Each structure stands twice: as C-alpha cells, then as structure tokens.
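These notes are about the structure you will find just below.
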Amino acid sequence: MERWRNKVAVVSGASAGIGAACARALVGAGLLVVGLARRQERIEQLRAQLPLPQQQRLHAVQCDITNESQVLQAFDWTKRQLGGVHVLVNNAGIMATTELSGAGNTQPIRDTVETNIMGSVYCIREAFQAMRLQQQQPGHVIIVNSVAGQQVPNLGTQLPSLNIYPASKFALRAMQEIYRQEFQRHKTQVRVSTISPGIVDTDILPEQLQAVIKQHMPMLRAEDVADAILWTIGTPANVQVQNITIKPQGEKF
Numbered sequence: 000m001e002r003w004r005n006k007v008a009v010v011s012g013a014s015a016g017i018g019a020a021c022a023r024a025l026v027g028a029g030l031l032v033v034g035l036a037r038r039q040e041r042i043e044q045l046r047a048q049l050p051l052p053q054q055q056r057l058h059a060v061q062c063d064i065t066n067e068s069q070v071l072q073a074f075d076w077t078k079r080q081l082g083g084v085h086v087l088v089n090n091a092g093i094m095a096t097t098e099l100s101g102a103g104n105t106q107p108i109r110d111t112v113e114t115n116i117m118g119s120v121y122c123i124r125e126a127f128q129a130m131r132l133q134q135q136q137p138g139h140v141i142i143v144n145s146v147a148g149q150q151v152p153n154l155g156t157q158l159p160s161l162n163i164y165p166a167s168k169f170a171l172r173a174m175q176e177i178y179r180q181e182f183q184r185h186k187t188q189v190r191v192s193t194i195s196p197g198i199v200d201t202d203i204l205p206e207q208l209q210a211v212i213k214q215h216m217p218m219l220r221a222e223d224v225a226d227a228i229l230w231t232i233g234t235p236a237n238v239q240v241q242n243i244t245i246k247p248q249g250e251k252f
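Take 0 as the starting number for the sequence shown in numbering that gives the first Met the number 0 and just add one per residue.
Next up, the structure:
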C-alpha cells in the first residue's frame with residue numbers, strides 16, 4: 000500500500016454503508032479521499048469522527064452521480080484541488096422497491112438503471128481520463144458489484160422482488176471486461192477490478208427485506224468489503240484482479 004500513500008482516491012456513495020467504510024479505510028491507509036454523495040453533510044459528519052490527523056485527508060463533495068454535469072464538476076474540482084485521481088471506488092448504487100412486471104414502475108426502475116449503470120459510466124469515464132494524464136503512474140478502478148451480478152438469487156415468494164437490480168449488476172460485470180480491454184488498448188497502467196459481496200448490512204436493502212434477512216440470514220459488514228478493496232489495490236502492479244466474491248459464512252445462495 001505504500002505506493003498509494005498521498006495518492007487521491009474518489010469514492011462514490013461515500014455517505015453511508017460500503018462507501019463510508021471505504022472512505023475510512025482509504026484515509027487510514029494514507030490516501031487523500033474525495034467522497035461523493037448527494038448527502039454531503041453525511042460525509043462531513045464522517046470526517047468529524049476520524050482521528051484529527053486524518054480529518055484533513057477526507058474531502059466531501061456533493062454529487063448526484065446520475066447527473067452528468069455534477070460528475071464532471073466533481074472530477075474537475077478533484078483535479079484542480081488535489082492534482083488528479085489515482086483510485087476510483089465506484090460504489091454508489093440503489094435498489095428499487097417494485098416488481099419488474101409491476102404496473103406504474105417506470106420511475107423506480109429508471110432510477111436504478113441511471114444510478115447503477117449510467118452513474119458508473121460517468122464516474123469511471125472521468126476517473127480514467129484523469130488517470131491517463133498521469134503517464135506511467137499506477138491507477139486502479141474498483142467496481143463494487145454484487146453476487147446478484149453473477150446469479151440471480153431466488154428469494155422466494157414471501158420476500159420483495161429484486162426487479163432490475165440484478166440486471167444492472169450483470170451489466171457492471173460485462174463493463175469491467177470492456178474497461179480492462181480499453182485500458183490496455185490505450186497502453187495505460189490502469190487496472191480495473193470488481194468486488195462482488197453477498198448480503199451486506201447496509202441501508203440499500205428495502206426495509207421489509209432487511210428486517211427478514213437480519214432475522215434469518217448472515218450478513219457481511221461494510222468493513223469486510225472495504226478490507227477486500229484495500230487488498231485488491233494493494234496487489235503488485237503486474238497483477239490484474241478480475242473479481243473477488245465474498246459472502247458471509249453460512250449464506251444460503
């Protein structure tokens with residue numbers, strides 16, 4: 000991890016859950032972290048909870064990743080204020096609370112696609128363009144995916160539908176390979192990896208689903224995912240980690 004000390008990491012969805020855990024872990028590892036979130040004040044609260052020497056390493060930037068102009072502004076700010084981007088943790092994502100076949104479901108389905116897919120496209124594109132300018136310096140894009148991007152979990156008829164969410168995560172799995180090929184085509188040192196956790200105890204889950212899972216199924220902590228991300232970016236520069244799948248011990252699917 001020493002080569003990343005004082006380098007710049009951008010974390011999307013940094014206001015809670017996996018994103019907040021990643022921001023804490025990266026700051027603790029010596030990186031400068033720019034946290035993107037619609038709820039900027041939540042990142043500022045997170046910064047206030049850090050040890051004093053680390054607080055100046057976390058920067059809170061208001062950004063709705065479905066808004067392309069806000070993404071452009073966030074990465075422009077990062078370049079002007081901190082000199083560039085070396086690591087991106089593409090984490091922000093949502094899950095709709097509707098059925099894929101349900102009536103009147105257009106907006107929540109569209110919101111999921113815009114956040115999970117198009118928001119990822121905007122952030123990864125801008126991060127890569129910044130990384131390309133850094134010549135032979137290392138760069139790493141981490142895409143936070145899900146086991147739902149490998150196999151659609153069967154939750155049965157008593158739990159809410161996962162609707163378009165697995166499809167959006169399958170898309171991220173395909174995008175990771177396209178990015179890997181493109182980064183090579185441009186002869187860069189930028190790597191791209193996905194982290195695919197099982198069920199994580201975060202507020203992305205609909206309340207009904209979260210309550211049932213907490214009673215009957217084991218869950219990962221957000222810090223478990225952050226640990227996997229630190230390990231991934233800490234691998235030698237010649238190692239291309241394609242995907243890491245982590246599940247809570249005892250997960251049923």
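Idealized CB from N, CA, C, for every residue including glycine.
Note that the structure is a prediction, hence the values are computed from the model and not measured.
Considering only the beta carbon of each residue, do residue i and residue j sit closer than 7 Å?
| i | j | result |
| --- | --- | --- |
| V140 | L71 | no |
| A95 | G118 | no |
| C254 | N89 | As shown, the chain starts at 0 and ends at 252. That puts residue 254 outside it, with no answer to give. |
| R190 | Q128 | no |
| P196 | P217 | no |
| S11 | I64 | yes |
| I116 | S192 | no |
| V32 | A8 | yes |
| N162 | T97 | yes |
| Q188 | Q106 | no |
| A28 | V84 | no |
Kindly indicate which residue of the options has the alpha-carbon position closest to the one of residue i.
| i | options | result |
| --- | --- | --- |
| V26 | W3, I177, V120, A73 | W3 |
| I17 | D110, I194, M216 | I194 |
| A73 | G83, V84, V60, G82 | V60 |
| P235 | K251, G138, P107 | G138 |
| L204 | R41, I93, S68 | I93 |
| E40 | A19, H185, M130, E250 | A19 |
| H215 | T77, I42, T114, L158 | L158 |
| T111 | Y164, K251, G82, G83 | Y164 |
| V199 | I212, R184, L219 | L219 |
| L81 | I177, L51, N5, Q180 | N5 |
Can you tell me whether residue i is helix, strand or coil according to DSSP?
| i | result |
| --- | --- |
| Q53 | helix |
| P217 | coil |
| S100 | coil |
| Q136 | coil |
| R190 | strand |
| V70 | helix |
| G34 | strand |
| Q248 | coil |
| S11 | strand |
| S167 | helix |
| V199 | strand |
| N237 | coil |
| I232 | helix |
| I243 | strand |
| N115 | helix |
| I42 | helix |
| I17 | helix |
| V26 | helix |
| Q183 | helix |
| L81 | helix |
| Q175 | helix |
| V86 | strand |
| Q61 | strand |
| V255 | With the chain represented from 0 up to 252, any question about residue 255 goes unanswered, as that position is not in the structure. |
Would you please state the rounded distance, in angstroms, between the beta carbons of residue i and residue j? I believe it to be under 8 Å.
| i | j | result |
| --- | --- | --- |
| A22 | G34 | 5 Å |
Quick check: the region 141-151 against the region 164-173, are there 3 or more CB pairs under 8 Å?
Yes, the region 141-151 touches the region 164-173.
Is there contact here, the region 242-252 with the region 221-233, by at least three beta-carbon pairs under 8 Å?
yes
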